[in-house]
């Protein structure tokens with residue numbers, strides 16, 4: 001009953017909007033990892049929730065169990081008049097390509113992959129740039145000059161994270177890099193125990209800063225690093241607060257902003273199609289510095305990272321993008 | 001698969017009992033739905049009409065059912081031989097490799113009716129090959145098939161990730177998948193069969209492999225109950241020692257049974273890859289191999305039961321997706337819970353109500369052994 005009343009209230013609110021702004025019925029389709037993965041999908045969810053709080057416009061979401069359901073849900077949202085429809089994950093590339101043709105009036109947003117269509121906005125992040133910065137900081141901070149990386153699954157996206165990281169770490173003076181992937185099934189994104197084991201093995205080999213790009217698996221990586229008196233680096237969301245004073249920094253990937261902007265732009269009638277490549281310059285990725293990790297970062301380190309950031313934005317330093325030729329100059 | 005507590009009329013054993021189990025499972029699910037603040041009646045309505053109420057819903061239901069028939073048959077064949085093949089997931093995955101290789105080679109030069117049989121043969125062969133090593137280890141070394149097949153699931157996942165990321169992926173693409181198949185490797189959908197009935201299948205991916213699934217069910221029935229080899233399979237399943245005494249070769253039967261089992265699982269890839277996705281993508285089996293175990297248990301390892309159980313799971317998948325779509329309160333974890341309750345009541349507790357039914361239906365004294 002309360003829900004119905006609330007729904008009616010939301011409806012009244014939408015109906016009362018000035019005619020200038022578009023009426024939107026936002027929808028969100030997650031990756032098969034699921035809504036509450038403490039990482040990528042959850043960031044998207046947070047963006048949609050924030051939009052709901054700010055504007056009172058409710059959204060609908062769906063968590064597909066398999067690839068068939070993902071396409072089904074995207075099509076269903078479109079056919080039920082939802083607009084814009086946001087699809088999180090590269091797994092929906094072909095689905096968005098197909099459905100966007102069937103519903104040319106509907107606006108689609110695809111995150112982490114590219115579809116070239118007049119009604120699709122493709123949002124990709126330059127994870128390599130953000131990872132370069134946290135890698136640089138890791139290289140500077142490391143006493144053993146050995147740094148670690150724990151990925152989720154061995155897929156191109158995660159290699160892109162790892163490649164940016166080792167380039168940065170090398171620039172920061174690290175001499176040895178350990179890279180491990182957690183697994184080969186979807187469970188790899190949600191296996192903190194295995195993540196912890198991999199972190200432990202890297203620590204035993206001498207690593208003292210470890211970067212996790214592995215969804216909920218990363219929580220185990222960070223925990224193990226902290227338990228062994230080493231430093232962890234968080235990913236996607238700002239995870240510095242998880243272990244205050246023990247997390248060196250986090251590589252922030254603003255999926256929430258991408259979702260929020262998609263809805264806000266559609267609402268304001270300013271939706272644009274095409275590719276949005278969000279790097280340091282656009283504020284799509286960044287390193288996190290707050291009270292939790294402030295004491296770990298000396299002024300010199302901060303200056304070095306900020307300088308690298310400025311150089312990347314200015315174009316004087318380029319980070320090799322793994323996706324450009326599917327190789328990494330630093331192993 | 002012996003039935004305890006005396007005889008029941010067949011319609012009770014195969015009709016009423018599963019039905020009661022199902023109703024109880026849905027009642028308990030309804031309580032959970034009520035508990036999270038949604039209406040159980042509304043939920044069941046969304047689920048049933050979502051799965052069966054429209055041509056498109058029905059098409060999706062039968063599409064999922066097609067996959068589950070294949071994996072259910074795969075598990076059932078092994079069951080009859082006393083083997084618990086839980087490697088369906090890996091066999092489907094590797095079967096998909098065979099299907100995709102044929103599709104990629106032929107889709108531009110051949111029509112679908114040439115590609116599909118070859119792809120099916122390759123899917124069967126690859127799935128069977130993936131079951132060969134566990135089968136051989138079971139037959140010759142006594143390594144337990146449960147352990148080896150589940151380990152092979154992980155090896156299959158590793159192999160496929162390697163191949164899809166490093167070998168078969170389109171350069172520059174984020175998504176670990178092959179290129180899209182062209183029309184020469186896409187199976188015709190069955191919309192044209194349903195449109196005279198006034199049903200519009202819409203975009204539902206139900207395709208001709210549905211008939212292959214039904215044909216496989218028939219062939220499995222012939223194999224298990226009407227051939228000499230099927231008799232050997234069932235004898236080993238009932239009593240390996242007696243089978244050996246009767247001159248049945250254990251190793252040979254186990255290996256061949258597992259090859260058939262793995263091959264049937266591999267055939268499932270035809271439905272998913274050529275019938276719907278039109279590409280080979282990481283994680284495409286998404287649990288269908290494991291659902292096959294539940295389907296085989298529920299269907300009492302009989303093809304007719306498996307087809308019915310597969311359709312039930314198709315309803316749960318499609319109806320569950322509709323339910324989660326329309327009732328935001330109900331998450332996909334809830335759907336998994338409902339599926340779990342159905343498996344629990346219809347599979348694990350299938351005989352819970354049997355004693356009561358025996359008291360109701362069995363003729364007096366029928367359960368008592370008469371002296372010879």
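Protein chains in written order, with this note's numbering: chain S, 1 to 331; chain G, 1 to 372.
Backbone N, C-alpha and C fix where the C-beta goes; we use that ideal spot for every residue, glycine too.
If you're wondering where the values come from, they're calculated on a predicted model, not measured in any experiment.
Where residue i falls, given that 16 or more other Cβ within 10 Å makes a residue buried
i: residue 295 of chain G; result: buried
i: residue 16 of chain S; result: Model confidence at residue 16 of chain S stands at a pLDDT of 44, short of 50, so the residue's coordinates are unreliable; what they give is reported in the following sentence. Looking at its Cβ environment, which holds fewer than 16 other Cβ atoms inside 10 Å, residue 16 of chain S is exposed.
i: residue 368 of chain G; result: Any reading at residue 368 of chain G must be qualified, since the residue scores a pLDDT of 48, below 50, and its modelled position is unreliable; no value is offered.
i: residue 352 of chain G; result: exposed
i: residue 279 of chain G; result: buried
i: residue 290 of chain S; result: exposed
i: residue 101 of chain S; result: exposed
i: residue 76 of chain G; result: buried
i: residue 10 of chain G; result: exposed
i: residue 194 of chain S; result: buried
i: residue 374 of chain G; result: One cannot answer for residue 374 of chain G here, as it falls past the ends of chain G, which runs 1 to 372.
i: residue 44 of chain S; result: buried
i: residue 134 of chain G; result: buried
i: residue 322 of chain S; result: buried
i: residue 161 of chain S; result: buried
i: residue 55 of chain S; result: buried
i: residue 370 of chain G; result: Caution applies to residue 370 of chain G, whose pLDDT of 46 falls short of 50 and renders its modelled position unreliable; the model cannot decide the point.
i: residue 148 of chain G; result: buried
i: residue 1 of chain G; result: Here residue 1 of chain G scores only 44 on pLDDT, less than 50, and its place in the model should not be relied on; the value that follows carries that caveat. The residue is exposed, with fewer than 16 neighbouring Cβ atoms inside 10 Å.
i: residue 175 of chain G; result: buried
Within chain G, partners of residue i - CB distance below 7 Å
i: residue 73 of chain S; result: 325
i: residue 157 of chain S; result: 174
i: residue 91 of chain S; result: 175
i: residue 121 of chain S; result: In chain order: nothing, as chain G lies at least about 16 Å away.
i: residue 60 of chain S; result: 328
i: residue 112 of chain S; result: 174
Test item: CB-CB of residue i and residue j under 8 Å
i: residue 287 of chain S; j: residue 130 of chain S; result: yes
i: residue 355 of chain S; j: residue 253 of chain S; result: Outside the displayed range of chain S (1 to 331) lies residue 355 of chain S, so it cannot be described from this structure.
i: residue 127 of chain G; j: residue 267 of chain G; result: yes
i: residue 122 of chain G; j: residue 102 of chain G; result: yes
i: residue 145 of chain S; j: residue 174 of chain S; result: yes
i: residue 292 of chain G; j: residue 65 of chain G; result: no
i: residue 288 of chain G; j: residue 67 of chain G; result: yes
i: residue 139 of chain G; j: residue 250 of chain G; result: yes
i: residue 306 of chain G; j: residue 73 of chain G; result: yes
i: residue 65 of chain S; j: residue 286 of chain G; result: yes
i: residue 99 of chain G; j: residue 130 of chain G; result: no
i: residue 209 of chain G; j: residue 187 of chain G; result: yes
i: residue 354 of chain S; j: residue 115 of chain S; result: Residue 354 of chain S is absent from the structure shown; chain S starts at 1 and stops at 331.
i: residue 196 of chain S; j: residue 221 of chain S; result: yes
Where residue i meets chain G, residues with beta-carbon distance less than 9 Å
i: residue 94 of chain S; result: 175, 177, 180, 277, 278, 279, 281
Closer than 8 Å at the beta carbon, the chain S residues around residue i
i: residue 39 of chain G; result: In chain order: nothing, as chain S lies at least about 11 Å away.
i: residue 342 of chain G; result: None at all; the shortest Cβ gap to chain S is about 15 Å.
i: residue 158 of chain G; result: 184
i: residue 161 of chain G; result: 153, 154, 155, 184
i: residue 188 of chain G; result: Within chain S, no residue comes near residue 188 of chain G; the closest Cβ sits about 18 Å away, beyond 8 Å.
i: residue 33 of chain G; result: Going along chain S, no residue has its Cβ under 8 Å from residue 33 of chain G, so there is no contact; the nearest lies around 14 Å.
Closer than 9 Å at the beta carbon, the chain S residues around residue i
i: residue 171 of chain G; result: 325, 326
i: residue 100 of chain G; result: The contacting residues do not exist; residue 100 of chain G stays about 14 Å from chain S at best.
i: residue 154 of chain G; result: 183, 184, 185
i: residue 222 of chain G; result: In chain order: nothing, as chain S lies at least about 31 Å away.
i: residue 210 of chain G; result: The premise fails here: residue 210 of chain G is roughly 15 Å from chain S at the closest Cβ pair, so nothing lies under 9 Å.
i: residue 185 of chain G; result: Neighbours of residue 185 of chain G on chain S: none; closest Cβ ~15 Å, over 9 Å.
Where residue i meets chain S, residues with beta-carbon distance less than 7 Å
i: residue 284 of chain G; result: 67
i: residue 331 of chain G; result: 63
i: residue 103 of chain G; result: Residues of chain S passing the Cβ test: none, with the nearest at roughly 15 Å.
i: residue 203 of chain G; result: 75
Proximal residues of chain G, C-beta to C-beta of residue i below 8 Å
i: residue 186 of chain S; result: 283
i: residue 76 of chain S; result: 325
Evaluate the contact criterion for the stretch 171-190 of chain S versus the stretch 205-218 of chain S: three or more CB pairs, one atom per stretch, below 8 Å. The answer is yes - the stretch 205-218 of chain S touches the stretch 171-190 of chain S, with three or more Cβ pairs under 8 Å.
Looking at C-beta atoms only, is the number of pairs between the stretch 180-194 of chain G and the stretch 46-53 of chain S that lie closer than 8 Å three or more? With the cut-off at 8 Å, the stretch 180-194 of chain G and the stretch 46-53 of chain S do not touch.
Counting Cβ pairs closer than 8 Å, one from the stretch 229-248 of chain S and one from the stretch 60-80 of chain S, do we hit at least three? The stretch 229-248 of chain S vs the stretch 60-80 of chain S: no contact.
Contact between the stretch 69-82 of chain S and the stretch 317-333 of chain G: three or more CB pairs below 8 Å? Contact holds: three or more Cβ-Cβ distances are below 8 Å.
Quick check on the DSSP output: what are the complete alpha helix (DSSP H) runs of length 4 or more inside the stretch 162-232 of chain S, in order along the chain? DSSP runs (the alpha helix (DSSP H)) wholly in the stretch 162-232 of chain S: 192-204, 217-227.
Taking three-plus beta-carbon pairs below 8 Å as touching, is the stretch 48-60 of chain G in contact with the stretch 182-200 of chain G? At 8 Å Cβ cutoff, the stretches touch.
Tell me the start and end of each unbroken alpha helix (DSSP H) in the stretch 129-212 of chain G that is at least 4 residues and wholly inside, in chain order. Counting whole runs of 4 or more residues, the stretch 129-212 of chain G contains the alpha helix (DSSP H) stretches 145-162, 191-194.
Using a Cβ distance threshold of 8 Å, determine whether the stretch 133-147 of chain S contacts the stretch 303-320 of chain S, with at least three qualifying pairs required. Taking a contact to require three or more Cβ pairs closer than 8 Å, the stretch 133-147 of chain S and the stretch 303-320 of chain S qualify as touching.
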